[in-house]
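Each position in the sequence shown, counted from 1, maps to that position plus 15 in this note's numbering.
Reviewing the structure listed below.
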Amino acid sequence: MTVQIPQVTLNNGVQMPLLGFGVFQIPDDQAQQAVEAALEAGYRLLDTAAAYENERAVGRAVAASGVPRDELFITTKLWIQDYGQDSAKRAFDRSLDRLGLDHLDLYLIHQPFGDYYGAWRAMEELNRAGRTRAIGVSNFYPDRLADLITHNEIVPAVNQIETHVFFQRSDDHKLMREHGVQHESWGPLAEGGQGFFDNPVLVDIARAHDKSVAQIALRWLIQREIVTIPKSVRPERMAENLDVFDFQLTEDDMARITGLDTARSHIFDHHEPEKVTWLGGVRFAT
Ligand code: NDP
């Protein structure tokens, strides 16, 4: 049975599935198998990045799957070392080549550091030329997002940021709403940290709906109209994470989950200067 995944409409009219499959930390030699399994399970949105070093495997899986290209929504991301207008365009070509595609659905600036203004101008050109249907950013805190929007022509279609029950991003969400930027969550299961799967509130709500903690956490994002991209290498979990469209969290469930917010990052805080410096030095063979 094919799962019907609802879509959201981005600020340029492009439709994007509300739920997709992320491939961070899946090594290149396992990613083809994982993505083939995900496509078989019914995922149509795939989220990779040049920095994940598995674009080739994602491309092989897409080719092997036989899923028509126009049913897929493929995102990749530009890494800091390739920011600047000319290098960004060259990096885009290399990503497309590794993916074996002639266009992307969404191209994201991976991090808000370095010459991301130059990168954004390249993205605007790529978007206008129809080489990527939408462009967006990732890990942009509200101040940087507001600045980028103020000084450029195209408003990012998406901002992909760490978002889960322990870091709910309500202010970010409000600002994105005001500017027509779609909120996309990375790390929707908090990468399993902070006792995520044993959290008493989540366990209790899961029991009441006969669902798993992962399904409750994903459903909570979906009910906030946040696109999300859980990662798993296990087919049974891929299926579980997709099976979130046959129930509704009540207002009381939503309010109890709101109470879990710690309003701070648990995975990677982009405000920490030493992390910013570290990211700026990370290089990938591209
Ligand atoms: P997630 O929150 O999706 O957690 C993934 C972890 O949860 C894995 O260890 C996985 O293990 C486990 N898991 C998945 N499903 C279940 C389940 N149903 N029950 C129990 N455990 C489960 O973390 P990610 O960091 O991977 O985030 C998702 C995606 O977001 C990434 O793959 C990537 O595409 C994107 N991302 C983007 C970032 C950015 O800077 N823009 C940063 C980080 C992620 P297993 O595989 O063994 O099942």
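The C-beta atom is built at its ideal place from N, Cα and C for all residues, glycine as well.
All of these numbers come straight from a predicted model, not from anything done at the bench.
| query | result |
| --- | --- |
| Endpoints, the alpha helix (DSSP H) within which R192 is located | S185 to H194 |
| Of the residues Q126, A53, G37 and L33, the one placed nearest P250, counting alpha carbons only | A53 |
| A72 burial status per 10 Å Cβ neighbour count (16 or more: buried) | buried |
| Local conformation of I169 per DSSP, three classes | coil |
| Closer than 7 Å to chain C by CB, D276 | Given the protein chain composition of this structure (a single chain), no chain C is represented. |
| Three-state secondary structure (DSSP) of W94 | coil |
| Residue interval of the beta strand (DSSP E) (run including W110) | Correcting the residue type first, residue 110 is Ser in the shown sequence and not Trp. Not the beta strand (DSSP E): S110 falls in the alpha helix (DSSP H), residues Q100 to L114. |
| contact_flag[the stretch 233 to 246, the stretch 136 to 153] where n(CB pairs < 8 Å) is 3 or more | no |
| R234 beta carbon near ligand 1 (any heavy atom closer than 6 Å) | no |
| contact_flag[the stretch 151 to 162, the stretch 203 to 221] where n(CB pairs < 8 Å) is 3 or more | no |
| Cβ separation of G133 and G99, assumed to be a contact under 8 Å, to the nearest whole Å | 4 Å |
| Where E199 falls, given that 16 or more other Cβ within 10 Å makes a residue buried | buried |
| Neighbourhood of G129 by C-beta, 7 Å cutoff - its chain only, sequence neighbours within 5 removed | I95, Y98 and G295 |
| Where I261 falls: helix, strand or coil (DSSP) | Reading the sequence as shown, one finds Asp at residue 261 and not Ile. Coil, per DSSP. |
| W94 beta carbon near ligand 1 (any heavy atom closer than 6 Å) | no |
| Among R271, H224, R136 and L87, nearest to D120 - alpha-carbon criterion | L87 |
| Any non-hydrogen atom of ligand 1 within 6 Å of V173 CB | no |
| Cβ-based burial, A172 [other Cβ within 10 Å; buried from 16] | buried |
| Rounded Cβ spacing between Q22 and L33 (contact assumed at less than 8 Å) | 7 Å |
| H179 - DSSP class collapsed to helix/strand/coil | strand |
| As assigned by DSSP and simplified to three states, the class of S153 | strand |
| Residue from P245, L111 and R59 with nearest C-alpha to Q7 | Only positions 16 to 301 of the chain appear in this structure, which leaves residue 7 out of reach. |
| Near ligand 1: A144 beta-carbon under 6 Å from a heavy atom | no |
| Alpha helix (DSSP H) segment containing Y131, residue limits | Y131 to R143 |
| Validate contact between the stretch 263 to 280 and the stretch 216 to 234 using beta carbons, cut 8 Å, 3 pairs | yes |
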